[in-house]
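Read in order, the letters of the sequence shown are residues 1 to 494 in full-length UniProt numbering. Accompanying notes for the structure given below.
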Amino acid sequence: MRSVKHSISLLKAMLLRIPMILKTIFLHGIGMSPASGKQDLRTELTVAVIRSFVTFELPLEKTQKNSMRDPGIKGPMWVSKVTLSQPEVDVREAVLRAIDDLKVGGETYDIPDIAVVEAEWTGHRRGVGKRKPQPDLTEEEKYRRLRSEAPSDMTVLYFHGGAYFVMDPCTHRVPVAHLSRLTGAPVLSVRYRLAPQNPFPAALVDALTAYLSLIHPPPGALHKPVPANKIVIAGDSAGGNLSLVLLQTLLTLRRSSRTIRFHGTDVPVELPAGVAGISPWCDQTHSLPSIVRNAHLDYMDLSTQASTDEDNATTMPVPSLPFPPDGIWPVSPPRVGMYTHAVTALHPLASPLAAPADLWKDAPPVFISTGEEGLADEGAALARRMHQAGVPVVAEQFEGMPHCHGLLMIATPAGRRFFQGLAGFCRDAVAARVSASGCLTFVEFKLRTEREIPLDKACEVADEEIDARMQRQAAWRSEGEMLLQKEWWERARL
């Protein structure tokens, strides 16, 4: 009954969008659309429809719940739901130690509880139609079936996107199962804690718990130990951020300590085979030009969270996300961002682009794929910075494509090319055969050609200017947050 109501609601919503859809088709047909020459009709319609659903009309709690609605498990996938046991506080303390080691001064954050971590093992199920339900089996039996059809010794640890405050592993089952099919690997998709209820660094604590649980299975786990060099960490958008900052956490801990207490044993801090970021969110301050330059090609409009004048400064206070007030937003005292305090936006474990090049030294191979989207500059700039540190980087950018295009449009030529690159990187990483050219591969419109751009030239903004822009933007956000909190304290005293 619930699924029927949801289908009816979706149909009504699409009917309301028919005028917008017809306008998009007409403008595209006469070559007058904003994305003319950059997107085919299917891509432009996809962007327009998704953009129309990205609103702040509903309270955040309802928006969050709607985004996590479970569509059910059917079609060519196995899903086994698991709960990873709560470890000792040492995992949280390791994250806090890494935060303190990388502090640049003045950062504040909430200290999270240590908790169990829910996750889903996901794999491809052969020989079934798109509507075939999953058999009524125990989670353990589902896992055994999944493993029998995902025989690779590789495991992908996956973190979903959603700006750290929406979405869930259940929303990403289709692309995650597709990745499993292409790699032959099981995927552990993590339900990390969401903001604003659980801001930075709660998600990072959950990510480290999940990673250590793969290598050192806790009591009751269904899986056998997975060697670190057989793990690829991957994620999209905020999940791409989480993948990268988990890697930075591991690199930082290896410099200061070799072990973490985990379920009664001192375990070594080991690096994964590789890390893959899909349209990764690398800059919490939204400082780089592509945020505005590529807005017409993307369904995300981040310009309200970024100053837009030439020197990246403004006299107007930054607004917080304008959801109607409810039980979880705004928080008390208020923040301008869901995930971090404004003064923490430049911490390398919040914004991986804020990490100097030398902090990436000795990292395993990294894959970064973006569209021509709001976050394009962030991905290219981070790839360049990692390359400067000697990290083997495989970087790709798809002309005209929006945020996370490969996950949204799997069956398109661009989607197939994206998954070819991602799956190939995963296989090469665990086989220790990643070949990095030192270039970004730019996939041109309709895949007519691909050209190589040296990573040193892949982002038009120099490293020094990036740092300056991020610092100015962070200061602007901090000032805006202080004004919000001043008003909040004044109301509280009345």
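Cβ atoms here follow ideal geometry from the backbone N, Cα and C, with glycine treated the same way.
Is the beta carbon of residue i sitting closer than 7 Å to the one on residue j?
i, j, result
"residue 253", "residue 98", "yes"
"residue 67", "residue 17", "no"
"residue 89", "residue 111", "no"
"residue 429", "residue 365", "yes"
"residue 177", "residue 192", "no"
"residue 389", "residue 357", "yes"
"residue 297", "residue 378", "no"
"residue 260", "residue 94", "yes"
"residue 344", "residue 164", "no"
"residue 155", "residue 205", "no"
"residue 367", "residue 436", "no"
"residue 159", "residue 323", "no"
"residue 80", "residue 142", "yes"
"residue 236", "residue 291", "no"
"residue 183", "residue 423", "yes"
"residue 228", "residue 180", "no"
"residue 336", "residue 480", "yes"
"residue 387", "residue 394", "no"
Where does the unbroken alpha helix (DSSP H) through residue i begin, and where does it stop?
i, result
"residue 377", "376 to 388"
"residue 185", "That residue, residue 185, is in no alpha helix (DSSP H); it is neither H nor E in DSSP."
"residue 418", "413 to 430"
"residue 491", "463 to 493"
"residue 19", "18 to 29"
"residue 451", "Not the alpha helix (DSSP H): residue 451 falls in the beta strand (DSSP E), residues 450 to 454."
"residue 101", "90 to 101"
"residue 142", "139 to 149"
"residue 43", "41 to 53"
"residue 64", "60 to 67"
"residue 405", "405 to 408"
Give the straight-line distance between the Cα atoms of residue i and residue j, rounded to the nearest whole angstrom.
i, j, result
"residue 340", "residue 186", "32 Å"
"residue 451", "residue 325", "48 Å"
"residue 83", "residue 157", "15 Å"
"residue 126", "residue 370", "30 Å"
"residue 463", "residue 380", "11 Å"
"residue 313", "residue 282", "Because residue 313 carries a pLDDT of 46, less than 50, the predicted location of this residue cannot be relied on, and the following value inherits that uncertainty. About 20 Å."
"residue 302", "residue 467", "19 Å"
"residue 33", "residue 24", "7 Å"
"residue 443", "residue 38", "12 Å"
"residue 418", "residue 483", "43 Å"
"residue 74", "residue 102", "44 Å"
"residue 287", "residue 136", "49 Å"
"residue 477", "residue 486", "14 Å"
"residue 375", "residue 403", "8 Å"
"residue 311", "residue 85", "Unreliable positioning characterises residue 311 in this predicted model, as indicated by a pLDDT of 48, which lies under 50. A coordinate reading is not provided."
"residue 439", "residue 362", "19 Å"
"residue 35", "residue 262", "51 Å"
"residue 201", "residue 382", "21 Å"
"residue 327", "residue 40", "42 Å"
"residue 107", "residue 249", "17 Å"
"residue 405", "residue 295", "14 Å"
"residue 9", "residue 195", "27 Å"
"residue 426", "residue 338", "31 Å"
"residue 54", "residue 299", "8 Å"
"residue 12", "residue 166", "23 Å"
"residue 47", "residue 20", "12 Å"
"residue 15", "residue 289", "35 Å"
"residue 488", "residue 342", "16 Å"
"residue 447", "residue 44", "16 Å"
"residue 223", "residue 188", "10 Å"
"residue 308", "residue 231", "Confidence at residue 308 is low in this model, with a pLDDT of 47, below 50, so its placement is unreliable and the value that follows should be read with caution. Rounded to whole angstroms, residue 308 to residue 231 spans 40 Å at the Cα level."
"residue 384", "residue 453", "11 Å"
"residue 321", "residue 58", "12 Å"
Do we get a CB-CB distance below 7 Å when we pair residue i with the residues of chain B?
i, result
"residue 456", "In the structure shown, chain B cannot be found, because there is only a single protein chain."
The beta strand (DSSP E) that contains residue i, what's its start and end?
i, result
"residue 433", "Neither: residue 433 is in no beta strand (DSSP E) and is coded neither H nor E."
"residue 83", "77 to 84"
"residue 393", "393 to 398"
"residue 440", "439 to 443"
"residue 117", "117 to 124"
Problem - Cβ pair count under 8 Å reaching 3, the stretch 194 to 212 against the stretch 137 to 153 - result: no
Exercise for the section: Starting from the N-terminal side, write out each stretch of the alpha helix (DSSP H) that is 4 residues or longer and does not extend beyond the stretch 336 to 371. Expected result: none
Exercise for the section: For the stretch 114 to 124 and the stretch 172 to 185, state whether three or more C-beta atom pairs, one from each stretch, are separated by less than 8 Å. Expected result: yes
Exercise for the section: Please determine if the stretch 327 to 340 and the stretch 475 to 492 are in contact, where contact requires at least 3 C-beta pairs separated by less than 8 Å. Expected result: yes
Exercise for the section: Tell me, please, whether the stretch 212 to 232 touches the stretch 339 to 355 by the rule of three or more beta-carbon pairs shorter than 8 Å. Expected result: no
Exercise for the section: Determine, using beta-carbon pairs with one atom in the stretch 260 to 270 and one in the stretch 237 to 245, whether at least three such pairs fall under 8 Å. Expected result: no
Practice task
Just list the alpha helix (DSSP H) runs in the UniProt domain "Alpha/beta hydrolase fold-3" (156 to 292), keeping only unbroken ones of 4 residues or longer that don't cross its boundaries, in chain order.
Solution key: 173 to 183, 202 to 215 and 238 to 256
Practice task
Spell out a yes or no on whether the stretch 388 to 403 and the stretch 470 to 482 are touching, meaning 3 or more CB-CB pairs, one atom from each, closer than 8 Å.
Solution key: no
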